[in-house]
Amino acid sequence: MMLDGFMMYLLSSAGSILNQAHTEVYQDMSQPLCHYFISSSHNTYLTDNQIGGTSSTEAYIRALMKGCRCVELDCWEGSNGEPIIYHGHTLTTKILFRDVIECIRDYAFKHSSYPVILSLENHCGVEQQSIMARHMKTILGDMLLTEPLDGNMPKQLPSPERLKWKILVKGKKLPEDKSDPERVSYISNPEEDMDEEDDEKAKDAAQISRELSDVVVYCSSIPFRSLSHAQRHQKPTEMSSFSERKARKLIKESANTFVRYNTQHLSRIYPLGLKMNSSNYNPQEMWNAGCQLGKKGEKAKGRILPGMASRACLCISIDVITAQQLPKLNKEKNSSIVDPFVRIEIYGVPIDCCKKQTEYRLNNGFNPCWNETLTFQVRVPELALVRFVVEDYDTTSANDFVGQFTLPLPSLREGYRHIHLLSRDGASLSPATLFVHVKRKKM
Numbered sequence: 009m010m011l012d013g014f015m016m017y018l019l020s021s022a023g024s025i026l027n028q029a030h031t032e033v034y035q036d037m038s039q040p041l042c043h044y045f046i047s048s049s050h051n052t053y054l055t056d057n058q059i060g061g062t063s064s065t066e067a068y069i070r071a072l073m074k075g076c077r078c079v080e081l082d083c084w085e086g087s088n089g090e091p092i093i094y095h096g097h098t099l100t101t102k103i104l105f106r107d108v109i110e111c112i113r114d115y116a117f118k119h120s121s122y123p124v125i126l127s128l129e130n131h132c133g134v135e136q137q138s139i140m141a142r143h144m145k146t147i148l149g150d151m152l153l154t155e156p157l158d159g160n161m162p163k164q165l166p167s168p169e170r171l172k173w174k175i176l177v178k179g180k181k182l183p184e185d186k187s188d189p190e191r192v193s194y195i196s197n198p199e200e201d202m203d204e205e206d207d208e209k210a211k212d213a214a215q216i217s218r219e220l221s222d223v224v225v226y227c228s229s230i231p232f233r234s235l236s237h238a239q240r241h242q243k244p245t246e247m248s249s250f251s252e253r254k255a256r257k258l259i260k261e262s263a264n265t266f267v268r269y270n271t272q273h274l275s276r277i278y279p280l281g282l283k284m285n286s287s288n289y290n291p292q293e294m295w296n297a298g299c300q301l302g303k304k305g306e307k308a309k310g311r312i313l314p315g316m317a318s319r320a321c322l323c324i325s326i327d328v329i330t331a332q333q334l335p336k337l338n339k340e341k342n343s344s345i346v347d348p349f350v351r352i353e354i355y356g357v358p359i360d361c362c363k364k365q366t367e368y369r370l371n372n373g374f375n376p377c378w379n380e381t382l383t384f385q386v387r388v389p390e391l392a393l394v395r396f397v398v399e400d401y402d403t404t405s406a407n408d409f410v411g412q413f414t415l416p417l418p419s420l421r422e423g424y425r426h427i428h429l430l431s432r433d434g435a436s437l438s439p440a441t442l443f444v445h446v447k448r449k450k451m
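Taken in order, the sequence shown gives residues 9 to 451; the numbers are from the working numbering.
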C-alpha cells in the first residue's frame, strides 16, 4: 500500500474511533420500553427562544430526522375550531395542530422504525380536544396506536421491537366509564400544577375529552405523589413528569428507590421554565438514575438506547498525537491562527466524571503535535460518554471553542484512530481531525 492509500485508509470509516457497527441499532430491543433511554425533545416546535421565537413544522422535521423519538406538542385553543401549537401566553408564533400531525406522519419513521411518542401538553377545551383526537386518527391512520397490542393491559410495557412503526400518545387518561362518552372532569394535582414549568404555562385542561383519552394507551400521564405510593399503586402504563429540580431531589434523597422505580415506569424530565432559549440541563445525571425521557431540546439526536447493563471497570489510556487542518476562528483575518489544545472529558456516574487536557501549541492549526497520554479510570463504562474537545488557548480571555466529538465509551475503538471533529450542534468540520491511539484494559 502506498502512503496516500494508507492515509486514505486511516481517514476512512475503518480508521474511525467510532465502532461502525454501533452506527446502527445493535442492542437487544426486545426488553420493556422503560429499559431504554429515549431521545427526547422539549418545546420541539420552537426554532428560537420561548418568549418571542418562531414556531415551525420544520423544527419537528429536524428533530425527527436527527433521531428524536419523543416530541412535544403544546396544544391551545385556536380560532375556527382548529387547535394550535405554540408556547402559551408568549409572543411565539402559532402553527396548526393538524399541520404538525401531518408533518409527523411524513417524517416519524424516515430515520428509525422504532416508536415515536407524542407528548401532549393539553390546554384545549373539550371540543377541540376531540378535534385533536380525530385529526390524529384520520391523518396517522394505522400508525396511531389506539389499543393494547394483545387486547389487554400488560403487566409490563411492550418492547420497542413490538412497537415498531407505531406512534404513541402521552396524555391524561380517563377512567373507563362509558356512561360519560363526551367528557369527564379531571382534577389536576395542585402540587404538580405549581411546578416550575407551569409557572409560565396555564394549567392543563380541567376536563378531558373521551375521544382524546381513548388514544392514550401506554403513556398515561399521572401526578407523582411519592416513590412509596408509586411502587404500591402505579401501573406500568402510567408515567409521571418531573422538573429537573424534583428529579435531582429524588436522586439525592432516594437514588436506589428511584432507579428501581424507573425499571418499571417511564419518567419524563423537563428543564426549568426560566431557561429563555429552551436550553437543556445535563441529562447524564438523569440517565444515571434510569430516567428515560431526558429533554435534549429540538436538536436531540440518537435513538433508543438500553439503560440496563453489566459493569466492568476499565482503564482508558489515550495518546493524543496530532491534529490536522483545524478551522480558523476568525476567517476575516489571514493571521488568525489557533493555539490549540485538546481536552478529554468523561461523563457518567459522579465518580467517573473527569477532565484532562494537553498543553497548547502556539500558532499551529495545520498539524499541531502533542504526543501526550491522558489516562482515565471508569467504574461504570456502560453509562459513560467520552468527549474530545479542541479549544483555542487565550491568555487574556476565555478559550474559544474549535471542535468536538462525543461518543459512548462502549463504542470507543482501540488502536490508532482518527476523530472527525464536529461543531457544537453536530455539523461536520471536515477536514478537521484528531489523531489518537486508544488502549483499554479491564481493572
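Built from N, CA and C at the ideal position, the CB exists for glycine as well.
All figures in this text were calculated on a predicted structure; none of them were measured in a lab.
Spatially closest choice to residue i from the options, by CA coordinates
i: Ile139; options: Ile216, Thr381, His241 and His237; result: Ile216
i: Glu135; options: Asn160, Phe14, Glu380 and Gly86; result: Gly86
i: Val357; options: Pro376, Asn296 and Lys363; result: Asn296
i: Leu176; options: Leu148, His50, Gln137 and Asp158; result: Leu148
i: Ser436; options: Arg448, Lys450 and Thr414; result: Thr414
i: Arg233; options: Cys111, Ala255, Gly373 and Ile103; result: Ala255
i: Asn407; options: His119, Gly60 and Asp347; result: Asp347
i: Gly411; options: Leu430, Val394 and Arg395; result: Leu430
i: Glu184; options: Lys243, Arg218, Glu155 and Arg170; result: Arg218
i: Tyr122; options: Arg142, Lys181 and Ser38; result: Ser38
i: Ser127; options: Thr55, Ser47, Arg240 and Gln164; result: Ser47
i: Leu393; options: Thr383, Glu399 and Cys362; result: Cys362
i: Ser262; options: Gly298, Tyr68 and Cys227; result: Gly298
i: His50; options: Leu152, Glu32, His119 and Glu129; result: Glu129
i: His273; options: Glu293, Ser229, Gln292 and Ile259; result: Ser229
i: Ser221; options: Met15, Gln137, Lys163 and Thr245; result: Gln137
i: Pro231; options: Ile259, Ser275 and Asn264; result: Ser275
i: Ile93; options: Gln58, Glu169, Leu337 and Ile25; result: Gln58
i: Leu391; options: Leu301, Glu169 and Glu293; result: Glu293
i: Met16; options: Gly96, Lys450, Met451 and Thr441; result: Thr441
i: Cys323; options: Gly89, Ala238 and Leu417; result: Leu417
Other residues of its chain near residue i: CB distance less than 7 Å, five sequence neighbours each side excluded
i: Ser438; result: His428
i: Gly13; result: none
i: Phe117; result: Trp173
i: Asn27; result: Ser419 and Arg421
i: Cys132; result: Cys83, Trp84, Glu85, Pro91, Met140 and Ala213
i: Leu152; result: Met144, Lys145, Ile175 and Val223
i: Gly179; result: Leu128, Asn130, Leu220, Val224 and Ser229
i: Ile354; result: Asp360, Cys361, Cys362, Phe384, Val386, Ala392 and Val394
Expected contact under 8 Å - CB spacing of residue i and residue j to nearest Å
i: Tyr269; j: Pro279; result: Actually they do not touch by this definition, with Cβ atoms about 21 Å apart.
i: Cys42; j: Ile125; result: In fact, because the Cβ distance is near 12 Å, the residues do not count as touching under 8 Å.
i: Val350; j: Phe409; result: Rounded, the Cβ-Cβ distance is 13 Å, inconsistent with contact.
Same chain, Cβ closer than 8 Å to residue i, neighbours up to 5 away in sequence not counted
i: His445; result: Ile326, Asp327, Ile329, Gly423, Tyr424 and Arg425
i: Tyr68; result: Thr52, Tyr53, Val79, Val108, Cys111, Ile112 and Tyr115
i: Ile345; result: Lys336, Asn371, Asn372 and Gly373
i: Pro166; result: Pro40, Leu41, Leu157 and Tyr226
i: Arg142; result: Glu219
Residue i Cβ short of 6 Å to the ligand SAH heavy atom set
i: Arg351; result: Among the components modelled here there is no ligand, and therefore nothing to report on the ligand SAH.
Sequence-distant residues of the same chain with beta carbon closer than 6 Å to residue i, five excluded per side
i: Glu246; result: Ser228 and Ile230
As an exercise, report each continuous beta strand (DSSP E) stretch of at least 3 residues that is fully enclosed by the region 338-408, in chain order.
If only complete runs of 3 or more residues are kept, the region 338-408 shows the beta strand (DSSP E) at 348-355, 362-365, 377-386 and 393-400, in order along the chain.
Taking contact to mean at least 3 C-beta pairs separated by less than 8 Å, is the region 155-166 in contact with the region 100-107?
no
Pair every Cβ in the region 241-252 with every Cβ in the region 17-27, then say whether three or more of these pairs are closer than 8 Å.
no
Quick one: which unbroken beta strand (DSSP E) runs of 3-plus residues sit fully inside the region 55-114? Chain order, please.
78-84
Of all the beta strand (DSSP E) runs that stay within the bounds of the region 134-188, which reach a length of 3 or more residues?
175-179
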